[in-house]
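*Asks:* Quick note on my numbering: the sequence shown kicks off at 135 and runs consecutively.
For each residue, glycine too, the CB sits at the ideal point set by N, CA and C.
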Amino acid sequence: MNRKQAEQRTRELHTQIRHHDYLYYVKDAPEISDEAYDELYRELEDLEQRHPELVTPDSPTQRVGGRALDKFPSVRHTAPMLSLDSSQEVAQLERFDERVRKAAEGEIASVVAPKLDGASVELVYEEGVLVRASTRGDGRTGEGITENVRTIRAAPLRLHDGKRSVPGLLAVRGEVIMRVAAFEQLNERLLEQGREPFANPRNAAAGSLRQLDPQITAQRPLDLYVYDLLASEGASMETQWEVLTALSDWGFPVNELARRVSSVDEIVEYHAELHEQRDDLPYEIDGVVIKLDGLAQRDELGETSHHPRGAYAFKFPPRKEVTRVLAIAASVGRTGAVTPIAMLRPVELGGVTVSRASLHNREEVARKDIRAGDRVRVQRAGDVIPQVLERVDEPGRKRKPRFRMPAKCPSCGTALIERGPFTVCPNGFECPAQLAGRIQHLAGRDALDIEGLGEETARLLVAEGLVKQLPDLFDLSAERLVELEGFAEKSAGSLVDGIARAGSDVELHRFLVALGIPEVGVAVARDLARHFGSLGALREASTEQLEAVPGVGPKMAEQIEGFFGDAHNRAILERLEDKVTVAEAEGAAADILAGLKIVFTGSLERMTRRDAKQLVESLGGRVSSSVSKETAYVVVGASPGSKHDDAQRLGVTILTEDEFLDLLRSRGAEF
Ligand code: IVH
């Protein structure tokens, strides 16, 4: 290949890789396999090595090139990055709406979008190439974090100019976030390394963005959404909706939940809808942002020294509050790990009353120096258990002595052992607390889903000797239950019925979750069920066969094999199989959506988003958050978002919720 050909091929590879990065990281809809992608990437690396003069800053290989800095340069923003006036009260929102309607002329429409809980950034592009990125700082001047932002795969290094011409200068504002799942994994990794975990995804995003060494930032799973223009030379737009469309055309990730509305009632409804979805979203949001759609109207309204008058944040109730620790208890879970739990004076967090929060392990308690009687800040993030963030200092107050882990298991009295920062009861199957934990786990939503069998009941059943091993659960009689405290004839009967119902025709993956195999969560259980089809096949699988399942690594394969190899587990399993009927995974309806991508938009009436996702996945399909040519169906609920338009544009089949359910039934699905 001569130099000219090399140059030509380099350019082609840039375009192709950029396109596939976009499909993968922005649209969540890849079109080629990882292997095919790697091949393109390696070819480019190879060419660049042979022709170093062809390496340009916007090359896909140049995301992690920057050297570590001593300190961040200070960067003046293209335009001030203001913050938003905000409130949690509908009355305040209505006042904002009235003010806007009074001041603005003509019809009013607004664009509503989730208020993402991350770190605000400015990205500047010259001639379509990313040249500068900075944190918000004080709103006028921020810190230059260009090299770090370059490592975020969702951030385009060069803009797309196919659909719409790119202005010579473009400055945009967006939010760098960390998805909840990625955040939890990162924290696990940090804890394993004996380092301090981040308190929440926002801190993790901001902290990762402010690393002086871009190599470190590159290892942090950051993501980005762009939502506003700060400056654009040569692009004229009239509405915020058009801005979002343009940003998307240029290749920026734009949040798919944004919607155009025309009344304050619709805003309140949108807020309620997102609040309900909050725990199911893959990232943290803390409210909704409302922006006047007409850009001329917005300009006319102007701004105070801090806030634009044509935009507002309608927030959710906070999930962080201060309360007092009444006591610290040591609680034994189903795996035997002993967790220090802060018993709290009850406090409302985002609409839920919280009276206990996890303190993780003894090293965490020591590091945060939390003692009984202290005032603490507690937080609930995503769907996870509430946690104690920090102690609130109270100078002059006499504090109680430090917490110490008990030497013996609070449940069975066995001497506890230490494993790294964790404390463990080694008494396994004999420890009542571990058995109660296993019962509770078996009854959980992702396992057998037995209503009325929560923590308290599980403990009671064990304490009263009604359940000595997991399978005893299926021998319970209403007569025996009625004798227990807190049970009446009716509740006893319905628990026994519930257990019987849950134990018949159980989907294999639910049964696997119920067993509580170490390392096997919902997703892995589904993969295992689909791969092996029956419990018998899985039970006899070798580590090699297990590793053939996508998503199962050597460590997990060993754990699974170990679980089924253990004599005690085998005995329990045998008894369980006498009582529970497990459905084979390859039923008639099992795979009617195999390989199909489904997108939901708008609010559903027959099921929650979570149920819809579970349904699709149980039939072998996948739920995706954006529409592409690959999408099989777009299912439209009430007040659909832009995905509906995308579907029309791309000619993807659009179904109402009822049509979708009918379609599944007509193909043999039962629900
Ligand atoms: S618009 C002038 N839209 O919320 C308009 N902000 O004070 C400026 N935020 O720190 C902001 N999601 O970082 C806007 N969809 C969204 C947002 C958003 C999150 C953050 C922003 C700012 C704070 C508002």
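Using the beta-carbon count (16 or more within 10 Å), is alanine 103 buried or exposed?
*Replies:* For residue 103 there is no data in the structure shown, the boundaries of the chain being 135 and 805.
*Asks:* Helix, strand or coil for alanine 722? Go by DSSP, reduced to three states.
*Replies:* The sequence position of residue 722 within the sequence shown is 588, counting from 1. Residue confidence for alanine 722 is low, a pLDDT of 41 falling below 50, so the modelled location carries little weight; the figure read from the coordinates is stated next. Coil, per DSSP.
*Asks:* Hey, which residues come within less than 6 Å of the ligand IVH, measuring from Cβ to any heavy atom, in chain order?
*Replies:* Leu216, Ser217, Leu218, Ala247, Lys249, Leu250, Ser254, Glu309, Tyr361, Asp362, Val423, Pro442, Ala445 and Ala447
*Asks:* Hey, is the segment 424-433 in contact with the segment 334-347, meaning 3+ C-beta pairs nearer than 8 Å?
*Replies:* Between the segment 424-433 and the segment 334-347, the count of C-beta pairs closer than 8 Å stays below three; the two stretches do not touch.
*Asks:* Could you tell me the distance, in whole angstroms, from the CA atom of arginine 313 to the CA atom of aspartate 357?
*Replies:* One-based indexing of the sequence shown puts residue 313 at position 179. One-based indexing of the sequence shown puts residue 357 at position 223. If you take the alpha carbons of arginine 313 and aspartate 357, they lie about 7 Å apart.
*Asks:* On the premise that lysine 502 lies in contact with proline 605, defined as a C-beta separation below 8 Å, what is that separation, rounded to the nearest angstrom?
*Replies:* Taking the first residue of the sequence shown as position 1, residue 605 is located at position 471. Taking the first residue of the sequence shown as position 1, residue 502 is located at position 368. At roughly 41 Å, the Cβ-Cβ gap does not stay under 8 Å, so proline 605 and lysine 502 are not in contact.
*Asks:* Look up glutamine 521 in the DSSP assignment and say whether it is helix, strand or coil.
*Replies:* Taking the first residue of the sequence shown as 1, we reach residue 521 at position 387. Note: glutamine 521 maps to strand in three-state DSSP.
*Asks:* Using the beta-carbon count (16 or more within 10 Å), is isoleucine 462 buried or exposed?
*Replies:* Translated into positions along the sequence shown, residue 462 becomes position 328. The C-beta of isoleucine 462 has 16 or more other C-beta atoms within 10 Å across all chains shown, which makes the residue buried.
*Asks:* With distance defined between alpha-carbon atoms, name the residue in Ser773, Val770 and His643 nearest to glutamate 718.
*Replies:* Residue numbering aside, residue 718 sits at position 584 when the sequence shown is read from its first letter. Of Ser773, Val770 and His643, the residue nearest in Cα terms is His643.
*Asks:* Could you compute how far the alpha carbon of valine 245 sits from the alpha carbon of glycine 278?
*Replies:* Taking the sequence shown and counting its residues from 1, the one referred to as residue 245 is at position 111. Taking the sequence shown and counting its residues from 1, the one referred to as residue 278 is at position 144. For valine 245 and glycine 278, the distance between alpha carbons rounds to 30 Å.
*Asks:* Given asparagine 703, which residues of its chain have a CB within under 7 Å of its CB, disregarding the five upstream and five downstream residues?
*Replies:* Looking up residue 703 in the sequence shown gives position 569. Contacts found: Phe697.
*Asks:* Based on the DSSP output, what are the partners of valine 265 in its beta bridges?
*Replies:* The sequence position of residue 265 within the sequence shown is 131, counting from 1. DSSP lists no partner for valine 265.
*Asks:* When the Cα atoms are used, what is the spatial distance from glutamine 142 to arginine 197?
*Replies:* Counting from 1 along the sequence shown, the entry for residue 142 is found at position 8. Counting from 1 along the sequence shown, the entry for residue 197 is found at position 63. Cα to Cα, the separation comes out at about 21 Å.
*Asks:* Using 8 Å as the threshold, is the C-beta distance between valine 310 and valine 360 below it?
*Replies:* As a first step, residue 310 must be located in the sequence shown, where it is residue number 176. As a first step, residue 360 must be located in the sequence shown, where it is residue number 226. Contact: no.
*Asks:* Using the beta-carbon count (16 or more within 10 Å), is leucine 798 buried or exposed?
*Replies:* The residue labelled residue 798 in the question sits at position 664 within the sequence shown. Counting the other CB atoms within 10 Å of its CB gives leucine 798 a total of 16 or more, which places it among the buried residues.
*Asks:* Grab the span of the alpha helix (DSSP H) containing phenylalanine 448 for me, first residue to last.
*Replies:* As a working note, residue 448 is residue 314 in the sequence shown. Premise fails: phenylalanine 448 lies in the beta strand (DSSP E), 445-449, not in any alpha helix (DSSP H).
*Asks:* Let's see if you can read the secondary structure: which residues bound the beta strand (DSSP E) around methionine 312?
*Replies:* The count along the sequence shown starts at 1 and reaches residue 312 at position 178. Segment 303-312, the beta strand (DSSP E) holding methionine 312.
*Asks:* When you compare only the Cα positions, how much space is there between glycine 721 and leucine 795?
*Replies:* The residue labelled residue 721 in the question sits at position 587 within the sequence shown. The residue labelled residue 795 in the question sits at position 661 within the sequence shown. At glycine 721 the pLDDT is 47, less than 50, meaning the model places this residue with poor confidence and gives no usable figure here.
*Asks:* If the criterion is Cβ atoms closer than 8 Å, does the pair leucine 472 and threonine 557 meet it?
*Replies:* Here residue 472 refers to the residue found at position 338 when the sequence shown is read from its first residue. Here residue 557 refers to the residue found at position 423 when the sequence shown is read from its first residue. It is worth fixing the name first, because residue 472 is valine in this sequence and not leucine. Between valine 472 and threonine 557, the C-beta spacing is below 8 Å.
*Asks:* Hey, out of Ala626, Val522, Ile519 and Arg468, whose CA is closest to proline 560's CA?
*Replies:* Here residue 560 is taken as the residue at index 426 of the sequence shown, counted from 1. Comparing Cα positions, the closest option is Arg468.
*Asks:* Does the segment 653-670 come close enough to the segment 587-605 that 3 or more CB-CB pairs lie under 8 Å?
*Replies:* no
*Asks:* Is the beta carbon of histidine 575 less than 8 Å from the beta carbon of alanine 567?
*Replies:* In the sequence shown, residue 575 corresponds to position 441, counting from 1. In the sequence shown, residue 567 corresponds to position 433, counting from 1. Cβ distance not < 8 Å, so histidine 575 and alanine 567 don't count as in contact.
*Asks:* Going by the beta-carbon positions, is the gap between alanine 163 and glutamate 751 smaller than 8 Å?
*Replies:* Reading the sequence shown from its first residue, position 29 is the one you call residue 163. Reading the sequence shown from its first residue, position 617 is the one you call residue 751. It is not a contact, given that the beta carbons lie outside the stated cut-off.
*Asks:* Residue range of the alpha helix (DSSP H) that serine 342 falls in?
*Replies:* On the sequence shown, position 208 is the one that residue 342 refers to. Run containing serine 342: 335-343, per the alpha helix (DSSP H) assignment.
*Asks:* Report, in whole angstroms, the separation of the C-beta atoms of proline 248 and asparagine 389, which I expect to be a contact under 8 Å.
*Replies:* Position 114 of the sequence shown, counted from the start, is the residue given in the question as residue 248. Position 255 of the sequence shown, counted from the start, is the residue given in the question as residue 389. At roughly 6 Å, the Cβ-Cβ gap stays under 8 Å, so proline 248 and asparagine 389 are in contact.
*Asks:* To the nearest angstrom, how far is the alpha carbon of leucine 646 from that of glycine 627?
*Replies:* Here residue 646 corresponds to residue number 512 of the sequence shown, with the count starting at 1. Here residue 627 corresponds to residue number 493 of the sequence shown, with the count starting at 1. Each residue's alpha carbon lies about 27 Å from the other.
*Asks:* On the three-state DSSP scale, how would you describe lysine 542?
*Replies:* Counting from 1 along the sequence shown, the entry for residue 542 is found at position 408. Here lysine 542 sits in strand by DSSP.
*Asks:* If you follow the alpha helix (DSSP H) that tyrosine 767 is part of, which residue opens it and which one closes it?
*Replies:* Start at 1 with the first residue of the sequence shown, and residue 767 comes out as number 633. Run containing tyrosine 767: none in the alpha helix (DSSP H); it sits in the beta strand (DSSP E), 765-770.
*Asks:* Here's a check: name, in chain order, each residue in its chain whose Cβ is nearer than 6 Å to the Cβ of leucine 523, leaving out the five neighbours to either side.
*Replies:* Counting from one through the sequence shown, the residue named residue 523 turns up at place 389. So the list reads Ala333, Arg511 and Gln513, once near-sequence residues are dropped.
*Asks:* DSSP state of aspartate 231, grouped into three classes?
*Replies:* The residue given as residue 231 occupies position 97 in the sequence shown. In the structure shown, aspartate 231 adopts helical secondary structure according to DSSP, grouped into three states.
*Asks:* Note down, one range per segment and in chain order, each alpha helix (DSSP H) of at least 4 residues found wholly within the segment 649-711.
*Replies:* 656-666, 669-673, 677-681 and 688-699
*Asks:* In whole angstroms, what is the alpha-carbon distance linking glutamate 330 and leucine 324?
*Replies:* By one-based count along the sequence shown, residue 330 stands at place 196. By one-based count along the sequence shown, residue 324 stands at place 190. Cα to Cα, the separation comes out at about 6 Å.
*Asks:* Over what stretch of residues does the beta strand (DSSP E) that includes arginine 393 continue unbroken?
*Replies:* Against the sequence shown, residue 393 aligns to sequence position 259. Where arginine 393 is concerned, the enclosing beta strand (DSSP E) stretches over 393-395.
*Asks:* Does the distance from the C-beta atom of isoleucine 475 to that of serine 492 stay below 8 Å?
*Replies:* As a working mapping, residue 475 is identified with position 341 in the sequence shown. As a working mapping, residue 492 is identified with position 358 in the sequence shown. In this structure, serine 492 lies closer than 8 Å to isoleucine 475 by Cβ.
*Asks:* For leucine 293 and tryptophan 384, which I take to be in contact (beta-carbon distance under 8 Å), what is that distance rounded to the nearest angstrom?
*Replies:* Taking the sequence shown and counting its residues from 1, one reaches residue 293 at position 159. Taking the sequence shown and counting its residues from 1, one reaches residue 384 at position 250. Contact holds; Cβ gap of about 4 Å.
*Asks:* Tell me the rounded alpha-carbon separation between arginine 432 and leucine 218.
*Replies:* In the sequence shown, the residue the question calls residue 432 occupies position 298. In the sequence shown, the residue the question calls residue 218 occupies position 84. Those two C-alpha atoms are separated by around 14 Å.
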